[in-house]
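Protein chains in written order, with my numbering: chain B, 224 to 445; chain E, 224 to 445; chain L, 537 to 772; chain R, 537 to 772.
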Amino acid sequence: MTTNAPQIEGWSREQMAELVAADIPDGSYVNLGIGIPELVTKFVPDGREFIYHTENGLLGMGPAPAPGYEDPELINAGKKAVTANPGASYFHHADSFAMIRGGHIDVCVLGAMQVSSNGDLANWSTGAADAIPAVGGAMDLVAGVKTILVITQHTTKTGLPKLVGQCSYPLTGINVVTRVYSDLAIIDITPDGFQVHKLAPGVSFKQVCDKTDAPLLPSKES
Amino acid sequence: MTTNAPQIEGWSREQMAELVAADIPDGSYVNLGIGIPELVTKFVPDGREFIYHTENGLLGMGPAPAPGYEDPELINAGKKAVTANPGASYFHHADSFAMIRGGHIDVCVLGAMQVSSNGDLANWSTGAADAIPAVGGAMDLVAGVKTILVITQHTTKTGLPKLVGQCSYPLTGINVVTRVYSDLAIIDITPDGFQVHKLAPGVSFKQVCDKTDAPLLPSKES
Amino acid sequence: MIDKRIATPAAAVADICDGASVMIGGFGEAGSPIELIHALIDLGARDLTVINNNTGNGEAGLAALIGNGQVRKMICSYPRSSHSKVFPELYRAGKIELEIVPQGTLAERIRAGGAGIPAFYTASTVGTPLAEGKEIRNINGRDYVMEYALKADYALIKCENADRLGNLVYNKTARNFNPVMCMAATVTIVQARKVVEVNGIDPEHVITPGIFVDRLVEVTAPLIESQLIAQGVRYP
Amino acid sequence: MIDKRIATPAAAVADICDGASVMIGGFGEAGSPIELIHALIDLGARDLTVINNNTGNGEAGLAALIGNGQVRKMICSYPRSSHSKVFPELYRAGKIELEIVPQGTLAERIRAGGAGIPAFYTASTVGTPLAEGKEIRNINGRDYVMEYALKADYALIKCENADRLGNLVYNKTARNFNPVMCMAATVTIVQARKVVEVNGIDPEHVITPGIFVDRLVEVTAPLIESQLIAQGVRYP
Numbered sequence: 224m225t226t227n228a229p230q231i232e233g234w235s236r237e238q239m240a241e242l243v244a245a246d247i248p249d250g251s252y253v254n255l256g257i258g259i260p261e262l263v264t265k266f267v268p269d270g271r272e273f274i275y276h277t278e279n280g281l282l283g284m285g286p287a288p289a290p291g292y293e294d295p296e297l298i299n300a301g302k303k304a305v306t307a308n309p310g311a312s313y314f315h316h317a318d319s320f321a322m323i324r325g326g327h328i329d330v331c332v333l334g335a336m337q338v339s340s341n342g343d344l345a346n347w348s349t350g351a352a353d354a355i356p357a358v359g360g361a362m363d364l365v366a367g368v369k370t371i372l373v374i375t376q377h378t379t380k381t382g383l384p385k386l387v388g389q390c391s392y393p394l395t396g397i398n399v400v401t402r403v404y405s406d407l408a409i410i411d412i413t414p415d416g417f418q419v420h421k422l423a424p425g426v427s428f429k430q431v432c433d434k435t436d437a438p439l440l441p442s443k444e445s
Numbered sequence: 224m225t226t227n228a229p230q231i232e233g234w235s236r237e238q239m240a241e242l243v244a245a246d247i248p249d250g251s252y253v254n255l256g257i258g259i260p261e262l263v264t265k266f267v268p269d270g271r272e273f274i275y276h277t278e279n280g281l282l283g284m285g286p287a288p289a290p291g292y293e294d295p296e297l298i299n300a301g302k303k304a305v306t307a308n309p310g311a312s313y314f315h316h317a318d319s320f321a322m323i324r325g326g327h328i329d330v331c332v333l334g335a336m337q338v339s340s341n342g343d344l345a346n347w348s349t350g351a352a353d354a355i356p357a358v359g360g361a362m363d364l365v366a367g368v369k370t371i372l373v374i375t376q377h378t379t380k381t382g383l384p385k386l387v388g389q390c391s392y393p394l395t396g397i398n399v400v401t402r403v404y405s406d407l408a409i410i411d412i413t414p415d416g417f418q419v420h421k422l423a424p425g426v427s428f429k430q431v432c433d434k435t436d437a438p439l440l441p442s443k444e445s
Numbered sequence: 537m538i539d540k541r542i543a544t545p546a547a548a549v550a551d552i553c554d555g556a557s558v559m560i561g562g563f564g565e566a567g568s569p570i571e572l573i574h575a576l577i578d579l580g581a582r583d584l585t586v587i588n589n590n591t592g593n594g595e596a597g598l599a600a601l602i603g604n605g606q607v608r609k610m611i612c613s614y615p616r617s618s619h620s621k622v623f624p625e626l627y628r629a630g631k632i633e634l635e636i637v638p639q640g641t642l643a644e645r646i647r648a649g650g651a652g653i654p655a656f657y658t659a660s661t662v663g664t665p666l667a668e669g670k671e672i673r674n675i676n677g678r679d680y681v682m683e684y685a686l687k688a689d690y691a692l693i694k695c696e697n698a699d700r701l702g703n704l705v706y707n708k709t710a711r712n713f714n715p716v717m718c719m720a721a722t723v724t725i726v727q728a729r730k731v732v733e734v735n736g737i738d739p740e741h742v743i744t745p746g747i748f749v750d751r752l753v754e755v756t757a758p759l760i761e762s763q764l765i766a767q768g769v770r771y772p
Numbered sequence: 537m538i539d540k541r542i543a544t545p546a547a548a549v550a551d552i553c554d555g556a557s558v559m560i561g562g563f564g565e566a567g568s569p570i571e572l573i574h575a576l577i578d579l580g581a582r583d584l585t586v587i588n589n590n591t592g593n594g595e596a597g598l599a600a601l602i603g604n605g606q607v608r609k610m611i612c613s614y615p616r617s618s619h620s621k622v623f624p625e626l627y628r629a630g631k632i633e634l635e636i637v638p639q640g641t642l643a644e645r646i647r648a649g650g651a652g653i654p655a656f657y658t659a660s661t662v663g664t665p666l667a668e669g670k671e672i673r674n675i676n677g678r679d680y681v682m683e684y685a686l687k688a689d690y691a692l693i694k695c696e697n698a699d700r701l702g703n704l705v706y707n708k709t710a711r712n713f714n715p716v717m718c719m720a721a722t723v724t725i726v727q728a729r730k731v732v733e734v735n736g737i738d739p740e741h742v743i744t745p746g747i748f749v750d751r752l753v754e755v756t757a758p759l760i761e762s763q764l765i766a767q768g769v770r771y772p
C-alpha cells in the first residue's frame with residue numbers, strides 16, 4: 224500500500240457510470256445515490272429501459288426539467304428538481320420505503336467512504352466527534368435493495384484506500400455490497416473477499432493491490 | 224334468573240337502534256356491525272352528521288342503492304350493495320384497518336352472543352365442535368375502536384342470559400365493551416360491573432336482574 | 537421496452553406448480569379475479585395454500601377452485617357466508633385445512649410481507665383463542681400479540697385499468713386486499729378490465745405502482761360472481 | 537355539519553403548548569407547511585420535540601422555528617443539507633438534542649403510530665451504531681431490529697386540495713411524510729392551497745381520508761422555501 228505514489232490514470236467518473244449501467248438488466252427498478260451514481264442515467268445501453276425510484280416518493284423519475292420549468296414540489300432525494308416520465312407514480316414515504324425494504328427495487332448504486340472485503344459499507348459518517356450524523360435513506364437502501372453496487376474513487380483525495388479489510392468508519396450496513404466500480408477496477412465481493420472482475424485499461428493488478436487495504440484476488444479470467 | 228318466564232315487552236329493535244344513535248356525538252366516525260346495528264343509520268338525530276366506515280375500504284358509506292343501480296364492486300362489510308356519500312374515499316384493507324387499529328374510528332356498534340360484567344365480548348363463535356370458525360374484522364374492531372357499543376336482545380331465543388359474569392363462548396376481546404343496549408335496558412360496564420343506565424318503559428330493575436347472569440347495579444338516578 | 541402484458545389468463549398462470557402459495561384478491565365478489573382463478577382450475581395445480589378473506593361463493597371462482605380439490609389449506613378471516621357451501625362441506629369432512637386470521641391482522645400481515653417487515657405487534661386477538669400459542673408482549677402498559685408477515689409465491693389480482701408498466705387503479709371497494717397482495721407475492725398476476733396507454737393513468741391517481749406487478753392480462757368483460765350464483769353456474 | 541375549516545393559521549395552531557411533540561410534513565421544501573410553522577413561531581410555544589426528515593433550510597420555515605430556540609429535540613434522518621446552517625450551529629453548541637432515525641424507519645415508525653402497531657422489526661441498521669441498545673431478533677435466519685411506533689401531539693401538514701371533511705390530495709413529491717403524519721398525530725392541522733367543494737375530490741383519488749384530519753386552513757399562495765432562501769428572508 225502506497226499513499227504517495229503518482230496518480231494512476233484509470234476510468235473517468237463517466238466511464239465508471241457507463242460500466243455500472245452496462246451491468247444493469249433491462250427493465251430494472253433502480254435507485255441512484257447522490258453524486259457519481261446520478262451519471263448512470265446518461266449511459267443506459269440501447270434497447271434497455273430502467274425505471275428510476277427516488278425514495279421521497281416517485282417511481283418513474285425523469286431528467287432535470289428545462290430551466291424555468293422546475294416545480295419546487297417535484298424533486299428527488301437529493302432535493303434537486305426532476306421530472307416524471309410517462310407511467311410514473313407518486314406515493315408517500317412509508318409506501319416508498321416499503322418498495323425498498325420489501326426487496327422490490329432491483330439495483331441501488333451508492334457512493335462509499337469505505338467498503339470492506341465482506342461487503343460492509345460505510346458511507347454516512349466519519350464518526351468524527353464534531354460530525355453531525357446524517358443517515359437519510361442509506362441504511363434502508365442497503366438493507367432492502369436486492370443488489371447494491373458501489374461506485375467510488377479507489378482511494379480518498381489524500382490517497383487512503385477505500386477498500387479495506389474492516390471499515391473504520393461507522394457502518395451503513397453489513398454484508399450488503401455486491402460489486403465495487405472504482406476508477407481502477409471492477410471488484411466483486413466474494414466469499415473469499417475482494418476479487419478483481421475487470422481492470423481499467425493500463426492499470427495493473429499490482430497497482431490495484433497497492434491501493435487496496437485488504438487481500439485482493441486476481442480476475443478469474445487472468 | 225328465570226328462563227321460562229313470559230316474554231317482557233321492552234324496546235323494539237328500532238327503538239334500541241334509536242337509543243344508540245342518540246348517544247353518538249355529532250361528527251363521529253362510526254362502524255356498524257351486521258344486523259340490528261345497521262338500523263342506527265335510520266335514527267341519526269336532527270343536526271348531527273355521522274360518517275360511516277366499512278372495513279372493506281370505504282369511508283362515507285351511504286344507504287343501499289335504488290334497485291337496479293347496484294354495483295357488485297361497491298359493497299359493505301356484509302357484502303351488500305351500498306352507495307358512497309359526497310366526500311367519501313376508497314382505500315385498501317391495510318389502510319382501512321389502520322383506521323380501526325389506530326384508534327381513529329370513534330364508535331363501533333356490534334351485536335353480541337355474550338357480554339361479561341368486565342366488558343369481555345363474545346360474538347364470533349359458539350365454540351361448538353362442528354362450528355366453522357369465522358371471525359372477520361370483529362377482533363380488530365373491538366381492539367381498536369375508541370368506544371364499543373353492543374346492541375342485542377337481553378337473552379337468547381331460548382331465554383338464556385347474554386349478560387354474564389364470565390363468557391362461556393370464545394372471546395372476541397377482553398374489557399372492550401362500554402355500554403350494552405338491550406331490549407330491556409341500557410347497561411353500562413363499570414369498574415363495579417354491570418350498572419343499569421336506563422330501563423325500558425314498563426320494565427322493572429328486578430325483571431332485568433332476573434334475566435342477567437351476573438350482579439347488576441341499579442341506575443344512579445334511581 | 538417494458539411490457540408486462542400476456543395474451544391470456546391461461547398463459548399468465550401457466551407456471552403455478554403443485555404446492556404453491558397463492559394470494560387471491562377480492563372481498564366477496566368485489567375485486568375477485570374470476571378469470572385468473574378459472575385459468576388456475578384449468579391448469580389443475582394442486583395442494584395449494586390459498587390466502588383470501590373468504591372461501592368463495594356458489595360454485596364458480598374461488599369456490600370452484602376449492603371444490604375442485606386443488607386447495608390444501610385456506611388462510612382467511614371469514615370462511616362462511618350466505619352463499620358458501622363448498623368450503624364448509626370439505627372442512628367438515630376434514631379434507632381442507634383452515635388458518636383463521638382476523639381481517640385486520642390478515643391485511644397487515646400481507647402488507648408487512650410486501651413491505652419487508654418480518655413481524656409486528658397488534659392488540660387484536662389478545663385474550664382470545666386466536667392468540668393461543670403466540671408471543672404476548674407488554675408495550676407501554678398494554679398487551680400485544682406478535683404476528684408474522686405473510687408472503688406468497690403468486691398473487692391473482694383484479695383491477696379496473698392498467699398500463700403496460702403494471703400501474704393499476706381499481707373500482708371502488710374492489711380495491712380491498714388487492715394492493716397489498718400485489719406487494720407480497722413473488723409473482724403478481726393481474727387481470728385488468730382495460731389496458732390503457734402508459735400516460736392514461738395520472739401519476740397522482742396510481743394505486744398500485746407497476747413495480748409490484750409482473751404479469752398483466754386484459755379481461756374486458758369479467759364474470760360477475762353474483763350473476764353466476766343466480767344462474768347456478770358451476771365451473772368448469 | 538362537519539366543517540374542519542379554521543380561518544387562520546394562527547387560530548389553527550393556537551393550543552400548541554410548551555413541551556408538545558409536533559410532526560412537520562415535508563421533505564426539503566416539498567410539502568413543507570411554512571405558514572403553519574410561522575404561526576407556531578408567532579405563538580412562541582417552546583421546548584418542542586419536532587419530527588421532520590430534515591432540519592430546515594435558510595432562515596424561514598422549520599429552520600426559523602429551530603433558530604428561534606423553540607425546539608428542544610429534533611427527530612430526523614438527515615439534519616444536514618446545502619442550505620442548513622441554523623441546526624448545525626445549535627447542535628454543535630449543545631443547545632438542541634438530536635435523534636437520528638433512518639428515513640425508512642422514520643416513515644414506518646410514524647405509519648405504525650398511526651396504524652396502531654406499537655412496534656415492528658426491520659433489517660435497517662442491523663450491525664450499525666444506530667442499532668446499539670436496541671433489541672435484535674432473528675426471524676427466519678436473518679437479524680432484525682425492533683423499532684417502536686412514533687406518535688405526536690400535533691402534525692402540521694401541507695396539501696394541495698382539501699374539502700371541509702378533511703379529505704386531502706397532494707402535489708407530486710410534496711406527498712412524502714404528510715399522509716403518514718396525518719395518521720400519527722392526536723391533532724392534525726392542515727394547510728391547503730385550495731379548499732374545494734365536498735364532491736370536488738373523486739373518492740378514488742383521495743390520498744388522506746378526512747378521518748385523519750382535525751383542522752384545515754386555506755393558504756392560497758404559500759411561501760416557497762427556495763425563493764425565501766434566494767431572497768435571504770429571515771422569519772420573523
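Where is the CB? At the ideal position from N, CA and C, for every residue including glycine.
Item, Value
"Proximal residues to V387(B) (C-beta, below 7 Å), its chain only, five neighbours per side dropped", "Q337, S339, D436 and A437"
"Assigned secondary structure, A685(L) (DSSP; H/G/I helix, E/B strand, else coil)", "coil"
"Contact between the segment 340-350 of chain E and the segment 394-403 of chain E (3+ Cβ pairs under 8 Å)", "yes"
"Proximity test, Cβ basis, 9 Å: F656(R) and chain L", "yes"
"Closest Cα partner of N735(R) within the set I247(E), A352(E) and A307(E)", "A307(E)"
"Chain L contact for A667(R) (CB, 9 Å cutoff)", "no"
"K385(B) in three-state terms, based on DSSP", "coil"
"Cβ neighbour criterion (16 or more within 10 Å) applied to A629(R)", "exposed"
"Same chain only: Cβ atoms within 8 Å of E190(B), ignoring 5 sequence neighbours per side", "It is not possible to answer for residue 190(B), since the shown part of chain B is limited to 224 through 445."
"Cross-chain neighbours of A548(R) in chain E, by beta carbon under 9 Å", "Under the 9 Å cutoff, chain E gives no residues; its nearest Cβ is about 17 Å from A548(R)."
"Contacting positions in the segment 320-333 of chain E - beta carbon closer than 7 Å to chain R", "A321, M322, R324, G325, G326 and H327"
"Buried/exposed call for E635(R), threshold 16 Cβ in 10 Å", "exposed"
"Any C-beta of chain R under 9 Å from that of T225(B)", "Below a pLDDT of 50, predicted positions are generally treated as unreliable, and T225(B), at 48, falls in that range; the measurement from the model is reported next regardless. Judged by the 9 Å Cβ criterion, T225(B) is not in contact with chain R."
"DSSP-derived helix/strand/coil call for F417(B)", "strand"
"Integer Cβ distance of I783(R) from I570(R), believed to fall under 8 Å", "Beyond the ends of chain R as shown, which are 537 and 772, falls residue 783(R); an answer cannot be given."
"When A408(B), A423(B) and P424(B) are compared against L439(B), the one with the closest alpha-carbon", "A408(B)"
"Identified DSSP bridge partners for S614(L)", "Ser is not the amino acid found at residue 614(L); the sequence shown has Tyr there. In DSSP, Y614(L) forms no bridge with anything."
"Collapsed DSSP secondary structure at M224(E) in the structure displayed", "Caution is warranted here: a pLDDT of 46 is assigned to M224(E), below 50, making its placement in the model unreliable, and the coordinate value is therefore given only provisionally. Looking at M224(E) - three-state DSSP - the assignment turns out to be coil, as it is neither helix nor strand."
"Where the alpha helix (DSSP H) through N714(R) begins and ends", "N714 to A720"
"Any beta strand (DSSP E) of 3 or more consecutive residues that is wholly inside the segment 283-366 of chain B", "306-313, 330-333 and 337-339"
"Proximity below 9 Å, CB of N676(R) to CB of A566(R)", "no"
"Where P260(E) meets chain R, residues with beta-carbon distance less than 9 Å", "The premise fails here: P260(E) is roughly 19 Å from chain R at the closest Cβ pair, so nothing lies under 9 Å."
"Backbone CA spacing between M224(E) and V368(E) [nearest angstrom]", "Unreliable placement is indicated for M224(E), whose pLDDT of 46 sits below 50; the coordinate value is still reported in the next sentence. M224(E) and V368(E): Cα-Cα distance of roughly 33 Å."
"8 Å contact criterion, which G301(E) and I257(E) should meet: CB distance rounded", "4 Å"
"Ranges of the alpha helix (DSSP H) found wholly within the segment 537-580 of chain R, counting only runs of at least 4", "545-549 and 570-579"
"The segment 348-361 of chain B in contact with the segment 413-420 of chain B per 3-pair CB rule at 8 Å", "no"
"Y313(E) classed as buried or exposed, judged by whether at least 16 other C-beta atoms fall within 10 angstroms", "buried"
"Where L262(E) sits in the DSSP three-state scheme", "helix"
"Member of L759(R), L752(R), A766(R) and L764(R) whose CA lies at the smallest distance from the CA of I538(R)", "L752(R)"
"Residues of its chain near K670(L), where Cβ-Cβ distance is below 7 Å and the 5 sequence neighbours each way are ignored", "V681 and M682"
"Straight-line gap, Y392(B) to G325(B) (C-alpha atoms, nearest Å)", "27 Å"
"Buried versus exposed, by CB contacts within 10 Å (16 or more), Q639(L)", "buried"
"Opening and closing residue of the beta strand (DSSP E) in which R751(R) lies", "R751 to E754"
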